[in-house]
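Engineer:
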Amino acid sequence: ADRYSIEDLAVGAVAAGADVLLIRESADQQNRAFDALVRAAQANDRLRARVYESAARVASLKATCRVGAPAPSAMLASLLGPPAHKALAGSFRSVDPRSAVAASPVADT
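Numbering (the numbering used here) for the sequence shown: 16 to 124.
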């Protein structure tokens with residue numbers, strides 16, 4: 016796990032085609048990864064093009080999935096197909112998202 020720096024891993028992943036990175040490390044390491052990506056993209060036209068391609072794909076997915084504002088719970092059933100998914104969506108109606116976030120083990124990090 017310590018063979019490569021977080022900076023090298025982030026730049027390498029994007030260069031290899033990753034559109035999104037999930038970095039579960041400290042905020043400092045997340046910032047270091049981001050800064051390394053910015054520096055690498057500024058220095059390398061090909062990587063900069065990859066970053067723009069990734070950003071466009073992520074933006075398109077977010078628009079398609081209506082990410083940004085949660086769907087009203089009444090709409091969930093119409094957005095989902097299989098009955099099992101609809102049943103799961105129905106269970107979300109009884110959960111207050113604020114209490115779920117407050118109870119999360121990562122809420123204070």
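A virtual CB, placed ideally from N, CA and C, is assigned to each residue, including glycine.
1. Three-state secondary structure (DSSP) at A102?
2. Rank V26, A30, V29 and V35 by C-alpha distance to the C-alpha of V73 and give the top, closest one.
3. Helix, strand or coil for D23, going by three-state DSSP, please let me know.
4. From P98 to Q57, what distance separates their C-alpha atoms?
5. Could you give the DSSP three-state label for A78: helix, strand or coil?
6. Roughly how many angstroms lie between the CA atoms of R61 and L103, to the nearest whole one?
7. Give me the Cα-Cα distance between V29 and F49, rounded to the nearest whole angstrom.
8. Can you give the Cα-Cα distance for E68 and G32, rounded to whole angstroms?
9. Under the assumption that E22 contacts A64 (Cβ atoms under 8 Å), give the Cβ distance between them as a whole number of angstroms.
10. With distances taken Cα to Cα, identify the nearest neighbour of D43 among S20, G96, K77 and G27.
11. Specify, as a first and last residue, the run of the alpha helix (DSSP H) that R18 falls within.
Structural biologist: So, to answer that:
1. helix
2. V35
3. helix
4. 48 Å
5. helix
6. 43 Å
7. 11 Å
8. 10 Å
9. Wrong, their Cβ atoms sit about 20 Å apart, outside the cutoff.
10. S20
11. Careful: R18 lies outside any alpha helix (DSSP H) and carries neither H nor E.
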